[in-house]
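Using this note's numbering, the letters of the sequence shown map in sequence onto residues 310 to 580.
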Amino acid sequence: MLRKLTFGATLAAMLTMPVVAGAFAGSDAPPRSITLFNDEALKGTPVKITADTPNLQTVTAPEGFDGTANDYAYSIRTEGRWQVCMDAGYKTDCREIDGEVASLGEHGGSVSSVRYLGPSAAAAVSSAAAPKTATATAPMSKPAAPAWQPMRNVDLFGNDYREIVYREPGNGWEQCKAACDGDRQCKAFTWVAPGRQPHGECFLKDAVPEASSSECCISGVKGAPSAGNARGDAAISRVMGRLGQRAGDAAERKVGDKVEEGIGKAIDRIF
């Protein structure tokens, strides 16, 4: 009887106790998120992620070249410390970001996996410091110099002499470009996003074919100028136009050299 009375009293006490919101949900936990922008300087369409993501192809991004957040980011803002890696499964050229990165430089358009590492280091210092330093803000990462970028949403159809079919995830245009760079025969490449092949494929070309706009592919020409953030027809115009200008300038220089050589020989004959 005593046990019953005690249980009843305890239950009544529990029912009358105020419930503290978030007491068991970690409401005091610091915010954690990473926002990817498809342009530098935190511009473009943001994609916000709040959980560890070993493969960004699982995150929808309507403006991504394949409809996902894979190879999407050119600048990043974080709440807390996050690790970003260039391949799925937290592999290849991983780096830690705490705050904002206005330009990912050579890693722009290459991030394939992200994961949370912990609270911001600046927040931890702020909470432990004296009041006079409590308002200190997180240091901004120094923007890296813009890196060479391929022609996104562009297909170079034809002149294939080698096809590489990738058998595992994590191989993007960077691996395709590396294969072209390492082969003297290769003049251009086209990387085809996963679809026809589960993990994508790469075509090496012994001549530069005509370019066309296509969401399936990312292409590059060996020695070509960077496409920057341009995509599709804009990237074709930017890269191929500059290539044409380079070729025209080279031809003009060659003609000029021949003219100078001819004039020099004529002067020699005169004297």
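Glycine included, every Cβ here is placed at the ideal spot set by N, Cα and C.
- Query: With which residues is M460 paired in a DSSP beta bridge?
  - Reply: S528
- Message: Checking 8 Å against the spacing of the C-beta atoms, do L465 and T499 come in under that value?
- Response: yes
- Query: Could you check where the alpha helix (DSSP H) with A370 kicks off and where it finishes?
  - Reply: Segment: none, A370 is in no alpha helix (DSSP H) and carries neither H nor E.
- Query: When the Cα atoms are used, what is the spatial distance from R461 to K531?
  - Reply: 15 Å
- Task: Assuming S342 and T354 form a contact by the criterion Cβ under 8 Å, report the distance between their Cβ atoms to the nearest whole angstrom.
- Result: With 8 Å as the limit, S342 and T354 do not qualify as a contact, their Cβ atoms being about 16 Å apart.
- Starting from D490, follow the alpha helix (DSSP H) in both directions and report where the run begins and ends. 482 to 490
- Message: Quick check on the burial criterion: 16 or more other C-beta atoms within 10 angstroms. Buried or exposed for D490?
- Response: exposed
- Query: Touch check for the segment 506 to 519 and the segment 534 to 541: three-plus C-beta pairs under 8 Å?
  - Reply: no
- Take the Cβ of R540 as the centre, count every other Cβ of all protein chains shown within 10 Å, and call the residue buried at 16 or more, exposed below. buried
- Task: Give a yes or no on whether the C-beta atoms belonging to W391 and V423 are separated by under 8 Å.
- Result: yes
- Message: Please report the distance separating the alpha-carbon of E405 from that of S419.
- Response: 15 Å
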